[in-house]
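Since the structure comes first, as structure tokens, the remarks are kept for the end.
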Amino acid sequence: MADTYVDLVNSGLGKQLASKLGLPKPAKLRRYRPGSDFPEGSVLVLGKGQAADAAAHAMLAWNLDVRRHAQEVDRVGAVIIDYTGLTSPRDLGKVALELASVLRKLRAGGRIITISRPAPGIGTGAASGTPAGAEAQDPAVAAARQGVVGFVRSVAQEMRGGTTANGILVADGVSADAPSVVGALRFFLSGRSAFVAGQFLTVTDERGDSTVDWDQPVAGKVAVVTGAARGIGAQIARTLAHAGAKVIVVDVPAAGEALARLANELHVSALQLDVTDPGAGEKILDLAAERYGTLDLLVHNAGITRDKMLANMDQGKWDSVIAVNVESQLRITRAVLASDMMGERPRIVCLASTSGVAGNRGQTNYAASKAAVIGAVAATAPLIAEKGGTINAVAPGFIESEMTAKIPAARRQISRRLNSLQQGGLPEDVAQTITFLLSDAAGGINGQTLRVCGQNLVGA
Ligand code: NAI
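Residue numbers for the sequence shown follow the numbering used here, beginning at 15 and rising by one.
Structure, rendered in structure tokens:
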């Protein structure tokens, strides 16, 4: 399962060989490690406005070396750009060229992060569904705002050395220093976002807590993870347990042995349950009530593939994928929202997939189910907000796991290189993103889908 090519091209001889043959040279990504979680070097804040001031203020409090002028920096770890005040496309250029002047000083594992407002009515994958202010209806303003999306996505493709570019979109009516703007900034600076590139995260409201302990962001919360016996689900359970949560791991009886091993390793509770069971929601709630008296966090991770070209598809393959990947999520979420068991700030994260965003040959059933997840999340957001909570989706791209190990070798080699970071992600990358979305730092982010795909270059 491991991508040994990344190690090879980061060794002396392998590096030389890859250069000579013009082969891809994926970098070792800067991943989250407790205590050492910021890029190396200064952080340059470009642009003037409330977002720039708030970002600078927050980063000074994190003891970062914050600079406000491009001429002042030598070794650059990150560049934060305040684009919230854009009124016409012409405004994009000045700051873009200031960024250009420091790009060669950017260290490996660096970060470029824009803070801007969403253009109205355009599905950037993140901005859709948020109400636009009157100012944003001006075509020149909307043009400038959407210009940021093309800019960031192109910068992200030009970066090397594990550096990423991403954007924070602050919905109209939400202040540029809202707690989750600071939370999203912290996430994008961190190694927790190592495999998130070329993406936008919309802060939809003022809720959230910017003082969350970053090493224990879900401390004391009760969390359920479905499909946790192996792969991404097992890693989500591990990461949440290390981040302070009391976890209940769920998987089918056939995976009972692996599930019990994980529960023993993490000292957490296990529940053998098929998520398509009509009473699955109630069974999860009953166990949470019995063990902890509440349920705060739910991760709908269980998922299956039954890949076939549509011409060869049969009813069984179609129905089973829809049943596990989306119907079970809908049913369990409904049960959870109807119960009075959820804590004060319930949070749900659903596993979607880039196949659900861009489609994928041979995966009509799977892509339909994962796109359906994205739709369900957007529609459930206002319902859970009434209860003080949030629901978001994470759409992984190519992740090194048992699921992708089944892909024939040649196709697997190609698939894992087809993104800006030129490598597959690790289950840890998905788990870290989910942990952030479950934390109170993300309390003002609701109804969004965030791709963890290294900026997959295929399709949308
Ligand atoms: P995996 O196949 O390694 O693990 C899935 C787990 O879900 C297994 O432990 C399985 O027993 C469990 N499961 C399946 N049906 C279940 C049911 N009816 N009830 C309870 N548990 C059930 O898959 P992987 O790679 O860890 O994927 C996890 C999630 O991430 C899935 O939703 C998948 O669609 C999604 N995903 C994975 C990607 C990847 O590259 N591996 C890419 C995009 C999305």
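Glycine residues also receive a C-beta, built at the ideal position from the N, C-alpha and C atoms.
Three or more beta-carbon pairs separated by less than 8 Å link the region 304 to 317 to the region 226 to 244, which places the two stretches in contact. Around the beta carbon of Ser415, a 10 Å sphere encloses 16 or more other beta carbons of the protein chains shown; the residue is thus reported as buried. Using a 10 angstroms sphere on the CB of Ala70, the tally of other CB atoms reaches 16 or more, which defines it as buried. Cα atoms of Ala381 and Ala75: separation of roughly 43 Å, rounded to the nearest angstrom. The three-state secondary structure of Met356, taken from DSSP, is strand. In this chain, the beta strand (DSSP E) harbouring Asp265 covers Lys260 to Asp265. Non-local C-beta neighbours of Ser453 in its own chain, meaning closer than 7 Å and more than five positions away in sequence, comprise Val226, Pro231 and Val232, ordered along the chain.
Collapsing the DSSP output to three states places Val408 in a strand. Secondary structure within the region 40 to 65: not one fully enclosed alpha helix (DSSP H) run of 4 or more consecutive residues is present. Its chain contains Arg44, Arg45, Tyr46, Arg47 and Asp51 as the residues whose beta carbon lies nearer than 7 Å to that of Gly205, once the 5 sequence neighbours on both sides are disregarded; these appear in chain order. Assignment of beta strand (DSSP E) within the region 74 to 117, counting only whole runs of 3 or more residues, yields 90 to 96 in chain order. For Lys260 and Val282, the gap between their C-alpha atoms comes out near 7 Å. Asp321: not part of any beta strand (DSSP E); DSSP gives it neither H nor E.
The straight-line gap separating the alpha-carbon atoms of Leu287 and Gly295 is approximately 10 Å. In the DSSP annotation of this structure, His256 is not part of any beta strand (DSSP E); the continuous alpha helix (DSSP H) holding it starts and ends at Gly245 to His256.
Check the Cα spacing between Cys467 and each of Gly457, Ala133, Leu440 and Lys119: the tightest is with Leu440. Under the DSSP assignment, Gln286 falls outside any alpha helix (DSSP H), being part of the beta strand (DSSP E) whose first and last residues are Ser283 to Gln286. Counting other Cβ atoms within 10 Å of its Cβ, Lys384 reaches 16 or more and is therefore classed as buried. Between Thr319 and Val335, the C-beta gap is smaller than 9 Å, which places the two residues in contact. Taking 8 Å as the upper bound for CB-CB distance, Arg167 and Ser130 are not in contact here, some 13 Å apart. In this structure, the CA atom of Arg426 is about 42 Å from the CA atom of Val188. Asn339 has its Cβ nearer than 8 Å to a heavy atom of the ligand NAI.
If you draw a straight line from the Cα of Ala122 to the Cα of Val109, it comes to about 22 Å.
Taking non-hydrogen atoms of the ligand NAI into account, the C-beta of Pro410 is found less than 8 Å away from one of them.
Between the region 352 to 364 and the region 398 to 411 there are three or more inter-stretch CB-CB distances shorter than 8 Å, so the stretches are counted as touching. Taking 8 Å as the cut-off, the C-beta of Met355 does not count as close to any heavy atom of the ligand NAI. A Cβ-Cβ distance of about 5 Å is found for the pair Leu58 and Arg81, placing them in contact under the 8 Å criterion. By the C-beta criterion, the region 239 to 255 is judged to be in contact with the region 316 to 333, since at least 3 inter-stretch pairs fall below 8 Å. Restricting attention to alpha helix (DSSP H) runs no shorter than 4 residues, the region 368 to 417 encloses them at 368 to 372 and 378 to 399, ordered along the chain.
In this structure, DSSP gives Gly222 a state outside helix and strand, which the three-state scheme calls coil. Linking Ile262 to Ala395 through their CA atoms gives a straight-line distance of about 24 Å.
With a cutoff of 8 Å, Val266 counts as near the ligand NAI, since its C-beta is closer than that to a heavy atom of the ligand.
Here the C-alpha atom of Asp354 lies approximately 14 Å from the C-alpha atom of Glu304.
The three-state secondary structure of Asp454, taken from DSSP, is helix.
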